[in-house]
Amino acid sequence: MTQFDMPRTFPMKKPANHTPVIQRYSSRVPEGVSTIRVATLGFQSKKSSKENLEAFLIYLQDVFSSVGLPQHHDIADFVDDQGYSTAMAVCYWLGEDGYTAWSKKFDLWWAAHDPEALGHGLWFESFSVPPPYRETNLFQEYLRGVSACPMTKIEPMSESGYWGAARDRFSASAHDDFGPEQNVELQYDPKRNTLGKHIKVSDIPSQLCVIRSGVTWANCGEEQLKSYETNLKPKLDKGMAYLRENPVATGCCSLRQVTCLEADGSALKEAYSLGIFLTYGHLERWAHDHPTHLAIYTRALAERKKYQENLQLLTYHEIYVLNENVRFEYINCHPDTGLLPYFTNNAGDQ
1 MTQFDMPRTF PMKKPANHTP VIQRYSSRVP EGVSTIRVAT LGFQSKKSSK ENLEAFLIYL
61 QDVFSSVGLP QHHDIADFVD DQGYSTAMAV CYWLGEDGYT AWSKKFDLWW AAHDPEALGH
121 GLWFESFSVP PPYRETNLFQ EYLRGVSACP MTKIEPMSES GYWGAARDRF SASAHDDFGP
181 EQNVELQYDP KRNTLGKHIK VSDIPSQLCV IRSGVTWANC GEEQLKSYET NLKPKLDKGM
241 AYLRENPVAT GCCSLRQVTC LEADGSALKE AYSLGIFLTY GHLERWAHDH PTHLAIYTRA
301 LAERKKYQEN LQLLTYHEIY VLNENVRFEY INCHPDTGLL PYFTNNAGDQ
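Counting from 1, position 311 in the sequence shown corresponds to residue 311 in the numbering used here; the numbering is continuous, with no gaps.
Now the structure itself:
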């Protein structure tokens with residue numbers, strides 16, 4: 001029985017006899033893996049992007065000189081809307097054992113930082129979900145995120161190219177509609193004092209949704225690169241800007257649009273957006289109804305139809321629906337970082 005053949009309380013959205021325009025793939029973790037752990041470490045400052053990145057890479061040497069290292073990690077950077085340079089690493093573990101071993105040393109390193117003495121900000125956002133509560137959509141030539149972990153299996157699937165396909169790809173959608181335990185809405189508080197403090201975000205509602213959606217143009221020839229830069233990227237940028245600028249209306253708590261980097265910090269020809277939504281329903285409503293996403297979707301679909309198997313622009317995404325196993329902490333970060341503008345923030349003494 002595959003993840004798409006489970007007994008269902010809620011019917012699939014896939015139309016009868018549906019055939020995707022182009023073959024897409026999904027990743028499956030090995031049998032016996034009960035959780036997928038994802039952790040993101042960020043470093044922000046008002047220094048130049050180059051200076052900020054150099055400092056972050058030194059930090060990573062400390063963070064990764066330990067047991068239980070991530071089975072996959074990648075690094076990226078961006079400048080946020082407040083003008084802070086930010087470098088970040090997203091780390092993946094299949095199962096909790098490796099993460100637990102790694103976090104013992106990391107937690108000591110993390111707690112040793114004095115928020116009042118730091119000349120930069122640090123943030124750590126981590127969650128763990130059972131495999132049925134994540135879905136992936138990718139090309140087999142372009143493996144990123146959890147799909148790049150060793151031992152994951154890449155499988156062809158037909159759940160793509162129609163509205164509701166992403167929901168269908170969640171195994172858990174057979175019996176869970178991903179609704180929150182209670183109605184929640186974002187309430188933005190611009191007056192929170194976060195600089196010089198170590199803050200653990202509490203009262204995070206159940207069913208937060210995290211999406212990482214990426215693209216690479218490394219294999220594009222002149223024609224398809226020009227089409228991406230002229231026809232698709234402006235629409236993508238507009239959609240991401242709308243989400244960042246309208247968190248209360250969209251339920252998008254955080255949206256980071258980043259450039260991917262080599263291990264030495266040099267830029268790759270790829271990028272991704274990392275978004276956190278109040279619920280999967282909030283993400284789905286924007287994707288289904290809003291003109292900014294419809295523009296992205298229809299343009300991307302037009303590219304697929306035009307180039308078919310010769311499509312050179314490769315994309316992927318992974319989506320997670322979270323439970324209570326989350327950790328969001330910020331040390332000396334500006335008040336618009338991550339989840340800091342929302343929910344209840346507890347300043348720690350460590």
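Built from N, CA and C at the ideal position, the CB exists for glycine as well.
- Partner residues in the beta bridge of T136, as assigned by DSSP, are E318.
- Look at the beta carbons and you see the region 149-159 touching the region 13-30: at least three pairs across the two are nearer than 8 Å.
- Per DSSP, reduced to three states, the secondary structure at F10 is coil, with no helix or strand assignment.
- Contact between L243 and A300 fails: their C-beta atoms lie close to 17 Å from each other, not under 8 Å.
- Here L69 has G98, W102 as same chain residues with Cβ atoms under 8 Å from its own Cβ, once five neighbours each way along the sequence are excluded.
- Here I58 is exposed. Its C-beta has fewer than 16 other C-beta atoms within 10 Å.
- Counting of Cβ neighbours within 10 angstroms places N137 among the buried residues, the total reaching 16 or more.
- Contact check for F127 against V63 fails: the beta carbons are separated by 8 Å or more.
- In the three-state scheme derived from DSSP, where H, G and I count as helix and E and B as strand, F106 is classed as helix.
- The Cβ-Cβ distance between F343 and I211 does not fall below 8 Å.
- Listed in chain order, the non-local C-beta contacts of C149 below 6 Å within the same chain comprise Q71, H72, Y92, L94, local neighbours out to five positions each way being set aside.
- Counting along the chain, V248 sits inside the alpha helix (DSSP H) bounded by residues 247-250.
- Its chain contains E125, V201, L339 as the residues whose beta carbon lies nearer than 6 Å to that of F328, once the 5 sequence neighbours on both sides are disregarded; these appear in chain order.
- Proximity to V184 across V248, E51, H198 peaks at V248, based on C-alpha coordinates.
- In this chain, the beta strand (DSSP E) harbouring T40 covers 36-45.
- Taking the C-beta atoms as reference points, M240 is found nearer than 8 Å to S273.
- Cβ-Cβ separation between P132 and A87: approximately 32 Å, too far for a contact (criterion under 8 Å).
- Of the residues assessed, G32 falls on the exposed side of the cut-off, its CB having fewer than 16 other CB atoms within 10 angstroms.
- Here DSSP, grouped into helix, strand and coil, assigns V21 to coil.
- In this structure, T292 keeps its C-beta atom at 8 Å or more from the C-beta atom of D77.
- Looking at the DSSP output, M88 sits in a beta bridge with G42, A76.
- In terms of Cβ geometry, V129 and C209 do not form a close pair [threshold 8 Å].
- Here G179 is near G281, since their CB atoms are less than 8 Å apart.
- When the five nearest sequence neighbours on each side are left out, the beta carbons in the same chain lying within less than 7 Å of the beta carbon of E155 are those of Y25, S26, R28, in order along the chain.
- Residue burial annotation: W123 is buried, with at least 16 other C-beta atoms found within 10 angstroms of its C-beta.
- A direct Cα-Cα distance of roughly 18 Å separates F170 from W286.
- Counting only the Cα atoms, M151 lies some 7 Å from P30.
- DSSP places M240 in the helix class (H, G or I) of the three-state scheme.
- In this structure, the beta-carbon distance from Q187 to Q312 does not fall below 8 Å.
- About 18 Å separates the beta carbons of I296 and K226, which is beyond the 8 Å limit, so they are not a contact pair.
- Taking 4 residues as the minimum length, the alpha helix (DSSP H) runs contained wholly in the region 162-220 are 165-169, in order along the chain.
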